[in-house]
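A.B. asks: This is the structure, below, for whatever I ask next.
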Amino acid sequence: MDHSPDTDTTVSDRGSLAQVISTLQTILSTTNLDQDRRSLPIIPQNIPDLAQLQSRAASLFLTSSRPEAEAEADSNCDSKSASASAATALEHTASEDIESLSRLSTHLANDILPYLNLASLSPNYYGFVIGGATPAALLGDFLASIYDQNVHVHLPRETISTTLEAVTLNKLVQLFRLPESGWAVGGSGPGGGVFTTGATASNVLGLALGREYVLRRALERKSKAENISLSSSASTSTSFSCGEYGIAELMVQAGVRRIQVLSTLSHSSIAKAASVVGIGRRNVVSILAENDNDDNSSSSSSNTHHNPLRIDIDKLENEARKCHEGVISILTISAGEVNTGRFATDSLDMMARVRRICDQYGVWIHVDGAFGLFGRILDPERDLEYQEISRGVQGLELADSITADCHKLLNVPYDCGVFFTRHKALSEHIFGNGSAAYLNRSKDLGEEEDNNNNNNNNNNNNGGNGNGGGEHVQSPINLGLENSRRFRALPVYCTLMAYGREGYLDMLKRQISLARRVTQWLLQDERFEVLPDAVSEPEEILAKTFMVVLFRVRDEDKRLDFVNNVNATGRIYLSGTVWDGKPAARIAVSNWQVDVERDARIIEEVLDQVVGAETET
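Here the sequence shown stands for residues -10 to 606, where the numbers follow this note's numbering.
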């Protein structure tokens, strides 16, 4: 991961779609594809070039990106009615009206593309944490579509796709400074990793593994307390699991009446994951430190050193101790809260204390680091300006599982998340695909059998698809939810190889610098209130700012429409939220094209314009 960026291709380049396609054509001309597939006839000539789209990408409303003649004819038509008209047109367009690629390209260019938002193309979109697509990632995504791999079973004599996925996962392990001794994927490494559709899917995996782990620990405690020797049919058996017998049976056997998920201000996907794996949304329990937040969405103005999201260690231990009362726990740690960008832990020492408590009471630790995990790209010894960020992600390697989103700060196309765990065998026990004969790794597939002797303790019902091919690569089919999987690893591999650690470090620093520049401007303007640290010192606020800026207009009468009025300018796009029960605005900096001076000037001009206009009225 110390691969340096090419001198001609940096992460801040604005490569056009034509350039990417030209590179793609060059690559395909040297491949073993049939001649008719090399020519890429599906690329319509009348679809706008990426550079043209980028030039107007700040205009995020539908009417401003429609064909000029149509937009002028319907100048009074707002974006909602334009969208409705486009939807109606789609419903009434029959396939017999197309019936050729040339007509299809015209249909796409006129009736569909103008009505897509340009969020990921614009450096000035600050709504959801949506990254763009670096030129290298875009190239990889095109190739992934052209070669159309189903990356599910490890078949090393047929395709390198699963091997490349394992290699790419390990490059991410290195990028995030996770110890390879605990997190490395493949080989003799204990780690299990898989690409997913995104953080929500990864969080489902984390809670599913956590559910299994805490139930097995509970069964061990019960057996020990009752002085019962665990037999081969008990928790030490790979077959005695939720996957085999269901959550209800394991809870009865372990003497458990409830499983709970402990969290601070977790992302909504944690509650969704709790629902999916049978724990339930009502069993998500807050262990937020007192005064950090009231009513799940506020920070107390009485606390002079706000730290929203901070775990209350005493609450954690009190809840974890309930395992002796039949209530067992999974801990989820928010590494980057969605409204503030803040972290739930603030030092390696704090994370070590959390780990000791969880070990004592059999608690699984899952980290939701969808965007916050990227803070580990920073060098804590060299990048002293970002020490507060580094402290927030120190010790995350002590967790049992970790989520990250590649389509956020890694800036690869949607959809692409990643899931890591230090418990490879447990992952296979839960997500093993069974013994489907047509998926069985066998001599008929021409693969090696040298892993059989190394995996005698693995799940016998995993269809032989765990590690294989003499490369110790796990089949993704046994590590996640999907049996059919897109080649998501290829765009990630391409962008990591093109830009390396230094390229992504530069990108992250630009994103943080823009967020801090805007925060500093807001702090100096009495019309705005920076959240959640309204009473902290400016230096402390800036030091804690990652890549999300939370703020509001002080004038209560002007808060409700503020975000809509900002977005109506067409120059930048913000998202609205609620903090302390009141409307607030949120700027999330995540695009690879960030230019600190240019973008800060645009943001400041728009905010000043909107608040000034409101003041005059």
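Using N, Cα and C, we set each Cβ at its ideal position, and we do this for glycine too.
(1) Over the uninterrupted beta strand (DSSP E) stretch that includes Tyr562, give me the two end residues.
(2) Between which residues of its own chain and Ala532 is the CB-CB distance below 7 Å, once the five residues before and five after are set aside?
(3) Look up Ala393 in the DSSP assignment and give the residues it is bridged to.
(4) By the 10 Å Cβ neighbour count, where 16 or more other Cβ atoms means buried, how is Glu586 classified, buried or exposed?
(5) Please state the DSSP three-state secondary structure of Gly232.
(6) So for Leu107, helix, strand or coil by DSSP?
(7) Grab me the residues of Val265's own chain with a C-beta within less than 7 Å of its C-beta, minus the 5 sequence neighbours each way, in chain order.
(8) In the DSSP output, which residue or residues are listed as bridge partners for Val183?
(9) In whole angstroms, what separates the C-alpha of Arg345 from that of Arg310?
(10) Quick check for students: name the residue ranges of the alpha helix (DSSP H) that lie wholly in the segment 118 to 176, counting only runs of 4 or more.
(11) Cα separation between Gly325 and Asp597?
(12) By the DSSP assignment, the beta strand (DSSP E) with Glu209 in it spans what residues?
(13) Tell me the DSSP secondary structure of Arg92 in three-state form.
(14) In this structure, how does DSSP classify Val343 when only helix, strand and coil are distinguished?
(15) Measure from the alpha carbon of Leu387 to the alpha carbon of each residue in Thr534, Met340, Ser255, then state which is nearest.
(16) Going straight from the alpha carbon of Ala589 to that of Val174, what length do you get?
(17) Under 8 Å by Cβ, that's how I've got Ala487 and Phe535 pegged, so tell me the actual separation to the nearest angstrom.
(18) Evaluate contact between the segment 358 to 367 and the segment 391 to 400, counting only Cβ atoms and requiring at least three cross-stretch pairs below 8 Å.
(19) Since Asp495 is in the alpha helix (DSSP H), which residue starts that stretch and which ends it?
(20) When the Cα atoms are used, what is the spatial distance from Ile236 to Ile101?
(21) How would you label Gln14, buried or exposed, when you count the other beta carbons within 10 angstroms and need 16 or more for buried?
(22) Taking the straight line between their C-alpha atoms, what separation do you get for Ala78 and Pro572?
(23) Ordered along the chain, which non-local residues of its own chain (more than five positions away) have a Cβ less than 7 Å from that of Gly178?
(24) If I follow the unbroken alpha helix (DSSP H) through His418, where does it start and stop?
(25) Candidates Gly120, Ser525, Ala108: which alpha carbon is nearest Gln500's?
(26) Would you call the segment 201 to 211 and the segment 311 to 318 in contact, with 3 or more CB pairs under 8 Å?
(27) Quick check on this structure: which residue in Tyr104, Asp335, Asp546, Ser230 has the alpha carbon closest to the alpha carbon of Phe420?
(28) Buried or exposed: where does Phe117 fall if 16 or more other Cβ atoms within 10 Å of its Cβ makes it buried?
(29) Between the Cα of Thr321 and the Cα atoms of Leu128, Ala478, Cys347, Tyr114, which residue gives the shortest distance?
(30) With burial defined as no fewer than 16 other Cβ atoms inside 10 Å of the residue's Cβ, what is the status of Asp433: buried or exposed?
(31) Determine the extent of the beta strand (DSSP E) in which Gln249 is found, giving its start and end residues.
(32) From the DSSP output, in three-state form, read off Leu470 for me.
(33) Tell me whether the beta-carbon of Val183 lies closer than 8 Å to the beta-carbon of Leu399.
(34) Just to check my reading of the structure: Pro465 and Glu154 have Cβ atoms closer than 8 Å, yes? What is that Cβ distance to the nearest angstrom?
(35) Could you spell out the range, first to last residue, of the beta strand (DSSP E) harbouring Ala263?
(36) Any idea which residues DSSP pairs His355 with across the strands?
C.D. replies: Walking through what the data contain:
(1) Position 573 of the sequence shown holds residue 562. Its beta strand (DSSP E) spans residues 562 to 568.
(2) Walking along the sequence shown from the start, residue 532 turns up at place 543. Closer than 7 Å at the Cβ level, and outside the excluded window around Ala532, lie Glu377.
(3) For this step, residue 393 is matched to residue 404 along the sequence shown. According to DSSP, which records beta bridges pairwise, Ala393 is partnered with Val407.
(4) Mapped onto the sequence shown, residue 586 falls at position 597. Flag for Glu586 reads exposed.
(5) As a first step, residue 232 is located in the sequence shown; it is residue number 243 there, counting from the start. Of the three classes helix, strand and coil, the one that applies to Gly232 here is helix, per DSSP.
(6) If you number the sequence shown from 1, residue 107 lands on position 118. Note: Leu107 maps to coil in three-state DSSP.
(7) Looking up residue 265 in the sequence shown gives position 276. Only Val193 meet the Cβ criterion.
(8) Position 194 of the sequence shown, counting from 1, holds the residue named residue 183. Answer is Phe408, bridged to Val183.
(9) Locating residue 345 in the sequence shown gives position 356, counting from the first residue. Locating residue 310 in the sequence shown gives position 321, counting from the first residue. Near 13 Å, if we compare the C-alpha coordinates of Arg310 and Arg345.
(10) 124 to 136, 150 to 164, 169 to 172
(11) Position 336 of the sequence shown, counting from 1, holds the residue named residue 325. Position 608 of the sequence shown, counting from 1, holds the residue named residue 597. Using only the alpha carbons, I get a separation of about 28 Å.
(12) Within the sequence shown, the letter at position 220 stands for residue 209. Looking at the DSSP string, Glu209 is not in any beta strand (DSSP E); the run it does join, the alpha helix (DSSP H), is 188 to 214.
(13) Along the sequence shown, one-based indexing puts residue 92 at 103. Of the three classes helix, strand and coil, the one that applies to Arg92 here is helix, per DSSP.
(14) Walking along the sequence shown from the start, residue 343 turns up at place 354. DSSP places Val343 in helix when its eight states are reduced to three.
(15) What you label residue 387 is simply residue 398 of the sequence shown in a count that begins at 1. Selected option, being the one with the closest Cα: Met340.
(16) Translated into the one-based positions of the sequence shown, residue 589 becomes position 600. Translated into the one-based positions of the sequence shown, residue 174 becomes position 185. Their backbone Cα atoms lie some 40 Å apart in a straight line.
(17) By 1-based counting over the sequence shown, the position of residue 487 is 498. By 1-based counting over the sequence shown, the position of residue 535 is 546. 25 Å between Cβ atoms; not a contact.
(18) yes
(19) By one-based count along the sequence shown, residue 495 stands at place 506. Where Asp495 is concerned, the enclosing alpha helix (DSSP H) starts and stops at 478 to 512.
(20) The residue labelled residue 236 in the question sits at position 247 within the sequence shown. The residue labelled residue 101 in the question sits at position 112 within the sequence shown. Straight-line Cα distance between these residues: approximately 46 Å.
(21) The residue you call residue 14 lines up with position 25 of the sequence shown. Here Gln14 is exposed: its Cβ has fewer than 16 other Cβ atoms, across all protein chains shown, within 10 Å.
(22) As a first step, residue 78 is located in the sequence shown; it is residue number 89 there, counting from the start. As a first step, residue 572 is located in the sequence shown; it is residue number 583 there, counting from the start. Using only the alpha carbons, I get a separation of about 36 Å.
(23) Residue 178 sits at position 189 when you count from the first residue of the sequence shown. Only Glu169 meet the Cβ criterion.
(24) Here residue 418 refers to the residue found at position 429 when the sequence shown is read from its first residue. Looking at the DSSP string, the run of the alpha helix (DSSP H) that includes His418 is 413 to 420.
(25) Taking the sequence shown and counting its residues from 1, the one referred to as residue 500 is at position 511. Answer by Cα proximity: Gly120.
(26) yes
(27) Counting from 1 along the sequence shown, the entry for residue 420 is found at position 431. Taking only the C-alpha atoms, the option nearest Phe420 is Ser230.
(28) Residue numbering aside, residue 117 sits at position 128 when the sequence shown is read from its first letter. That one is exposed.
(29) On the sequence shown, residue 321 is found 332 positions in, with the first residue counted as 1. Closest by alpha carbon: Cys347.
(30) On the sequence shown, position 444 is the one that residue 433 refers to. Because the pLDDT at Asp433 is just 39, under 50, the model does not fix this residue reliably, and the value given afterwards should be weighed accordingly. With fewer than 16 Cβ atoms within 10 Å of its Cβ, Asp433 is classed as exposed.
(31) Locating residue 249 in the sequence shown gives position 260, where the first residue counts as 1. Run containing Gln249: 247 to 252, per the beta strand (DSSP E) assignment.
(32) Along the sequence shown, one-based indexing puts residue 470 at 481. Coil at Leu470, not helix or strand.
(33) Here residue 183 refers to the residue found at position 194 of the sequence shown. Here residue 399 refers to the residue found at position 410 of the sequence shown. Going by C-beta atoms, Val183 is not nearer than 8 Å to Leu399.
(34) As a working mapping, residue 465 is identified with position 476 in the sequence shown. As a working mapping, residue 154 is identified with position 165 in the sequence shown. Right, the Cβ-Cβ distance comes to about 7 Å (below 8 Å), so this counts as a contact.
(35) Locating residue 263 in the sequence shown gives position 274, where the first residue counts as 1. That residue, Ala263, is in no beta strand (DSSP E); its alpha helix (DSSP H) goes 257 to 265.
(36) Indexing the sequence shown from 1 puts residue 355 at position 366. DSSP lists Thr321, Ser390 as the beta-bridge partner residues of His355.
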